[in-house]
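Per my numbering, the sequence shown starts with residue 56, numbered consecutively.
Yeah, the Cβ is synthetic: ideal placement off N, Cα and C, and Gly gets one too.
Since the model is a prediction, treat every value here as computed from it, not as a measurement.
Comments concern the structure below.
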Amino acid sequence: MTPNAVPPAPELPFIDTHTVHVDASPEALYEALWLVLVGSGTSRAAAIYGRAVGCEPRAFHRTAQPEPGVSTLVGFGVERAEPPRRLDLAGSHHFSTYRIEFELTPTASGATIAATTRAEFP
């Protein structure tokens, strides 16, 4: 495990799930999802915010593809990556421990992406 990696989170309480259909293949959607996450979770502003609220992981480790135990964004470590069907990110800060689970499902006209949030608040 790298210094930035976050250990697997325990089972956390369900918060919500949001689902949307996209006119793209699961492969294209998975790649776009990772690019958006890397773009938003690796900025200087994210690092400053992450330090202020005590995010773990605190720093980012950018990789071309999500790698469990290696790839990190500020406040999120890749916990599970099964391209192009599943990507789970987990992390914590002073106020909660959380996980977001992205599940991609092929459809006749593209794919659906479901984002499930799980979190515990001390």
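(request) Look at the Cβ atom of Phe150, then the Cβ atom of Val129, and state whether they are nearer than 7 Å. (result) Residue 150 sits at position 95 when you count from the first residue of the sequence shown. Residue 129 sits at position 74 when you count from the first residue of the sequence shown. Taking 7 Å as the Cβ cut-off, Phe150 and Val129 do not qualify as a contacting pair.
(message) Closest to Thr171 by C-alpha separation, out of Thr162, Ala163, Thr160, Glu156, would be which residue?
(response) As a position in the sequence shown, residue 171 is number 116, starting the count at 1. Of Thr162, Ala163, Thr160, Glu156, the residue nearest in Cα terms is Glu156.
(request) Determine contact between the region 82 to 90 and the region 132 to 149, defined as no fewer than three beta-carbon pairs at a distance below 8 Å. (result) yes
(request) Return the first residue and the last residue of the beta strand (DSSP E) that Ala102 is part of. (result) Position 47 of the sequence shown holds residue 102. Careful: Ala102 lies outside any beta strand (DSSP E), inside the alpha helix (DSSP H) at 99 to 108.
(request) Work out the CA separation of Leu144 and Gly105 for me, nearest whole Å. (result) The residue you call residue 105 lines up with position 50 of the sequence shown. The residue you call residue 144 lines up with position 89 of the sequence shown. Going by the C-alpha atoms only, they are around 15 Å apart.
(message) From the DSSP secondary-structure annotation, give me the bridge partner or partners of Ala169.
(response) Residue mapping note: residue 169 aligns to position 114 of the sequence shown, counting from 1. Paired residues: Thr74, Glu158.
(message) Classify Gly132: buried if its beta carbon has 16 or more other beta carbons within 10 angstroms, exposed otherwise.
(response) Locating residue 132 in the sequence shown gives position 77, counting from the first residue. Result: buried.
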